[in-house]
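Take a look at the structure set out below.
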Amino acid sequence: MNRPGDMPADRADWAARLLALAVLLLPARRREWGQAMRAELVQIEPAPARRRFALSCLRVSLAQPQLLAAAAYHLVTLGAIGAVIAWTDGLTYAPLRAGLIALVTALAALSWLARRPGLLGPVHPGRAARLFRAGGFVLVGAVTLLVVQSLRVASAGLAEKAEVGVPILGTVLVVHTMAFAAVTARRSPASSRALVVGGACGVAAALECLVPIVLRPPVPVSNGWALLTIATSAVAALLIGVNRAGSAGQGLIAALCAAVVTTLLIFAAVSFLFEFAPHWIPDTSPANVAPADRLANNRAGAEDPYFALLALGCLLAAALAVVTTATRRPLPAGRTM
Amino acid sequence: MTRRPSPQTLAVLSALAADPTRWRYGYELGQQVDLRAGSLYPILMRLCDRGLLEHIWEPDAPPGRPPRHLYRLTPDGLSFTAETTAAVAEPGSRTRRPGRVREAW
Numbered sequence: 001m002n003r004p005g006d007m008p009a010d011r012a013d014w015a016a017r018l019l020a021l022a023v024l025l026l027p028a029r030r031r032e033w034g035q036a037m038r039a040e041l042v043q044i045e046p047a048p049a050r051r052r053f054a055l056s057c058l059r060v061s062l063a064q065p066q067l068l069a070a071a072a073y074h075l076v077t078l079g080a081i082g083a084v085i086a087w088t089d090g091l092t093y094a095p096l097r098a099g100l101i102a103l104v105t106a107l108a109a110l111s112w113l114a115r116r117p118g119l120l121g122p123v124h125p126g127r128a129a130r131l132f133r134a135g136g137f138v139l140v141g142a143v144t145l146l147v148v149q150s151l152r153v154a155s156a157g158l159a160e161k162a163e164v165g166v167p168i169l170g171t172v173l174v175v176h177t178m179a180f181a182a183v184t185a186r187r188s189p190a191s192s193r194a195l196v197v198g199g200a201c202g203v204a205a206a207l208e209c210l211v212p213i214v215l216r217p218p219v220p221v222s223n224g225w226a227l228l229t230i231a232t233s234a235v236a237a238l239l240i241g242v243n244r245a246g247s248a249g250q251g252l253i254a255a256l257c258a259a260v261v262t263t264l265l266i267f268a269a270v271s272f273l274f275e276f277a278p279h280w281i282p283d284t285s286p287a288n289v290a291p292a293d294r295l296a297n298n299r300a301g302a303e304d305p306y307f308a309l310l311a312l313g314c315l316l317a318a319a320l321a322v323v324t325t326a327t328r329r330p331l332p333a334g335r336t337m
Numbered sequence: 001m002t003r004r005p006s007p008q009t010l011a012v013l014s015a016l017a018a019d020p021t022r023w024r025y026g027y028e029l030g031q032q033v034d035l036r037a038g039s040l041y042p043i044l045m046r047l048c049d050r051g052l053l054e055h056i057w058e059p060d061a062p063p064g065r066p067p068r069h070l071y072r073l074t075p076d077g078l079s080f081t082a083e084t085t086a087a088v089a090e091p092g093s094r095t096r097r098p099g100r101v102r103e104a105w
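Those protein sequence lines, which keep their order, are chains A and B.
Taking the UniProt record's numbering, the leading residue of the first sequence gets 1, the next gets one more, and so forth.
Taking the UniProt record's numbering, the leading residue of the second sequence gets 1, the next gets one more, and so forth.
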């Protein structure tokens, strides 16, 4: 007896090649349907009918949501790299421009890696994991955008920014991306509930911190209030996580998720205000600083506590990545990855 | 399935329900209900996913030719077809213009 997939004693014509492509584009769980289409094509004799059938099958493949999502992802990734190349065109200091392009390319490569089977991927099929990962990646993308915007218009200390600033910020963003990918990977130990609790506590705490800042400028000179908010979000997520998800491990993951989300959200929002709303920059310069230099001086002073916050977030993200990869679930029997 | 099926899906279900014990080939079924593969296969996939349709590989394919998929309704599929056909036949039920690919989804 012939077995399914014994392919095929068919003509190697245009229709057969087109259908082979259509089958290749089908997601793995639909491959059997592709074999069924190929077996049907063997039965069809007239060339126009064969072409119509193959074209119609190609339409089935192209309309699969997975293929559309993959195409959109690649488009966005390539678009981001293209955008940073175009956007930094005016940067005269070549090493800084190269560093920014390398940073965006590294993040794009990492997000690609997070779609492949391995430590970081693919994403868990649950809605909570997909949402948490998408939200985390968007947040990292937003911070990257602010970093590129800030550095592309910089006029002083370009060498230092290229040699120190970009590598450090790049590392911080890569670690955050890895943490968001690892905690939402298919084999991650994080339960959907832990991710929901962590994400919700993180967003709520960030709002608690940011709403007063937005309503009553300027941004505080000290990061004490932000640190308190981060600690609160972590403790709240820990308690809710242990209570709802039922184990200390899930509580810890929820707490780390909450702290990472809060930290990154606060940093992104404050950086946005510093970049686009000078009114929110606190005036901390001594009286003898010239009016023309005050804004830059104020901004430099105001940013420092929030960069410290980002460094803390990086440590928390590293802890999250380590915890989730060290305790990830075993492979199902019979699978190698 | 909570939504009312499209006219194309209903045509496929009715064709299969006309002789529920007989296994049917996809291409032949498509010709009977006047649907191209691009509309027919998504309907078949969705019906299988929902447990309304079962499929097997052709058991006695001639040598040198790959076996094809054969389809027939499951008991759930038969009940569903009977229910939806009756609902559509009710006076005042909304009908849509057949033949649109988008509606097949």
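Just so you know, even glycine gets a beta-carbon here, dropped at the ideal spot from N, CA and C.
Note that the structure is predicted; figures quoted are calculated from it, not measured.
Practice prompt. Give the C-beta separation of B/Leu73 and B/Pro20 to the nearest angstrom, bearing in mind that I take them to be a contact with Cβ-Cβ under 8 Å.
Written response: Right, the Cβ-Cβ distance comes to about 5 Å (below 8 Å), so this counts as a contact.
Fill in: Three-state secondary structure assigned by DSSP to A/Val123
Under the three-state reduction of DSSP, A/Val123 is assigned to strand.
Worksheet item: Is the CB-CB distance between A/Gly141 and A/Leu107 below 9 Å?
Response: A contact, by the Cβ cut-off of 9 Å.
Worksheet entry | A/Tyr93, DSSP secondary structure in three states | Three-state result, A/Tyr93: coil.
Item to complete: Would you mind telling me which residues of chain B sit closer than 7 Å to A/Trp14, beta carbon to beta carbon, in chain order?
Response: Within chain B, no residue has its CB atom less than 7 Å from the CB of A/Trp14, the nearest being about 16 Å off.
Discussion item. Please state the DSSP three-state secondary structure of B/Ser54.
Written reply: It should be noted that the sequence gives Glu, not Ser, for residue 54 of chain B. B/Glu54 falls in the strand class under three-state DSSP.
Item to complete: Please work out which residues of its chain come closer than 6 Å, Cβ to Cβ, to A/Leu169, disregarding the five sequence neighbours upstream and downstream, and give them in chain order.
Response: Exclusion of the five residues before and after A/Leu169 leaves Val147 as the residues of its chain whose Cβ lies within less than 6 Å of its Cβ.
Worksheet item: From which residue to which residue does the beta strand (DSSP E) around B/Leu35 run?
Response: Counting along the chain, B/Leu35 sits inside no beta strand (DSSP E), nor does DSSP assign it H or E at all.
Discussion item. Any beta carbon of chain B sitting closer than 9 Å to that of A/Ser56?
Written reply: Yes, because at least one Cβ of chain B sits closer than 9 Å to the Cβ of A/Ser56.
Worksheet item: Which of the three DSSP states, helix, strand or coil, is assigned to B/Leu73?
Response: Strand, per DSSP.
Worksheet item: Would you say B/Arg65 faces chain A, with C-beta separation under 9 Å as the test?
Response: Contacts with chain A at 9 Å (Cβ-Cβ) include B/Arg65.
Worksheet item: Does the Cβ of A/Pro330 have 16 or more other Cβ atoms within 10 Å, making it buried, or fewer, making it exposed?
Response: Exposed.
Worksheet item: What is the rounded straight-line gap between the Cα of B/Pro66 and the Cα of A/Val42?
Response: Roughly 8 Å between the two C-alpha positions.
Worksheet item: Using Cβ-Cβ distances below 7 Å, what residues of the region 31 to 44 of chain B are close to chain A?
Response: Against chain A - using a Cβ distance shorter than 7 Å - the residues of the region 31 to 44 of chain B are Arg36, Ala37, Gly38, Tyr41, Pro42.
Worksheet entry | Close beta carbons around A/Thr88, own chain, < 6 Å, minus the five adjacent residues each side | Sequence-distant partners of A/Thr88 (beyond 5 residues in either direction) whose C-beta falls short of 6 Å from its own C-beta, in its chain, are Arg97, Leu100, Arg152.
Worksheet entry | Where A/Trp112 falls, given that 16 or more other Cβ within 10 Å makes a residue buried | The residue is exposed, with fewer than 16 neighbouring Cβ atoms inside 10 Å.
Worksheet item: When you compare only the Cα positions, how much space is there between A/Val219 and A/Ala114?
Response: Rounded to the nearest whole angstrom, the C-alpha separation of A/Val219 and A/Ala114 is 35 Å.
Item to complete: Mind reading off the beta-carbon distance from B/Arg24 to B/Tyr71? Whole number of angstroms is fine, and I expect it under 8 Å.
Response: Contact annotation, B/Arg24 with B/Tyr71: C-beta distance approximately 5 Å; criterion of less than 8 Å satisfied.
Discussion item. As an exercise, report each continuous beta strand (DSSP E) stretch of at least 3 residues that is fully enclosed by the region 122 to 163 of chain A, in chain order.
Written reply: Listed in chain order, nothing qualifies, since the region 122 to 163 of chain A has no complete beta strand (DSSP E) run of 3 or more residues.
Discussion item. If distances are taken between C-alpha atoms only, which option among A/Thr105, A/Ala63, A/Arg216, A/Val104 comes closest to A/Ala277?
Written reply: Selected option, being the one with the closest Cα: A/Arg216.
Fill in: Contacts around residue 360 of chain A, its chain only, beta-carbon distance under 6 Å, and the 5 residues preceding and following it disregarded
This structure cannot speak to residue 360 of chain A, because chain A is shown only from 1 to 337.
Worksheet item: Closer than 9 Å, CB to CB, is A/Glu45 near chain B or not?
Response: Output row for A/Glu45: interface = no.
Worksheet item: The alpha helix (DSSP H) spanning A/Glu303 covers which residue range?
Response: 291 to 326 is the extent of the alpha helix (DSSP H) around A/Glu303.
Worksheet entry | Proximity test, Cβ basis, 9 Å: B/Gly77 and chain A | Look at B/Gly77: its C-beta is not under 9 Å from any C-beta on chain A.
Discussion item. Quick check: the Cα distance between B/Gly30 and A/Leu78, rounded to an integer number of angstroms?
Written reply: It is roughly 40 Å from the alpha-carbon of B/Gly30 to the alpha-carbon of A/Leu78.
Item to complete: Thinking A/Pro125 and A/Gln66 are a contact (beta carbons under 8 Å), I'd like their distance in whole angstroms, please.
Response: Not quite, the Cβ-Cβ distance comes to about 11 Å (not below 8 Å), so this is no contact.
Practice prompt. Please compile the residues from chain A whose C-beta is within a distance smaller than 7 Å of the C-beta of B/Gly26.
Written response: Neighbours of B/Gly26 on chain A, chain order: Ala36, Glu40.
Worksheet item: What residues match up with residue 369 of chain A in a beta bridge as DSSP calls it?
Response: The question about residue 369 of chain A has no answer, for chain A in this structure spans 1 to 337.
Item to complete: Within its chain, find whatever has a CB closer than 6 Å to the CB of B/Thr9; leave out the 5 residues flanking it on each side and keep chain order.
Response: By the criterion of a C-beta distance shorter than 6 Å, B/Thr9 is surrounded in its chain by Ile43, once the five residues flanking it on both sides are discounted.
Worksheet item: Quick one: what's B/Arg24 bridged to in DSSP?
Response: Bridge partners of B/Arg24: B/Tyr71.
Worksheet item: With B/Arg46 and B/Glu58 assumed to form a contact (beta carbons below 8 Å), what rounded beta-carbon distance in angstroms separates them?
Response: At roughly 22 Å, the Cβ-Cβ gap does not stay under 8 Å, so B/Arg46 and B/Glu58 are not in contact.
Discussion item. For A/Ala63, would you say it is in contact with chain B, using Cβ-to-Cβ distances shorter than 9 Å as the test?
Written reply: Closer than 9 Å: yes.
Worksheet item: Which of helix, strand or coil does DSSP assign to A/Glu32?
Response: DSSP places A/Glu32 in helix when its eight states are reduced to three.
Discussion item. So for A/Val219, helix, strand or coil by DSSP?
Written reply: In the structure shown, A/Val219 sits in coil (DSSP, three-state: anything other than H, G, I, E or B).
Worksheet entry | Buried or exposed by the 16-neighbour rule on C-beta atoms within 10 Å, applied to A/Arg17 | By the 10 Å Cβ count, A/Arg17 comes out exposed.
Practice prompt. For B/Arg72, decide whether its Cβ has a neighbour in chain A, counting only Cβ atoms nearer than 9 Å.
Written response: It does not; no Cβ of chain A falls within 9 Å.
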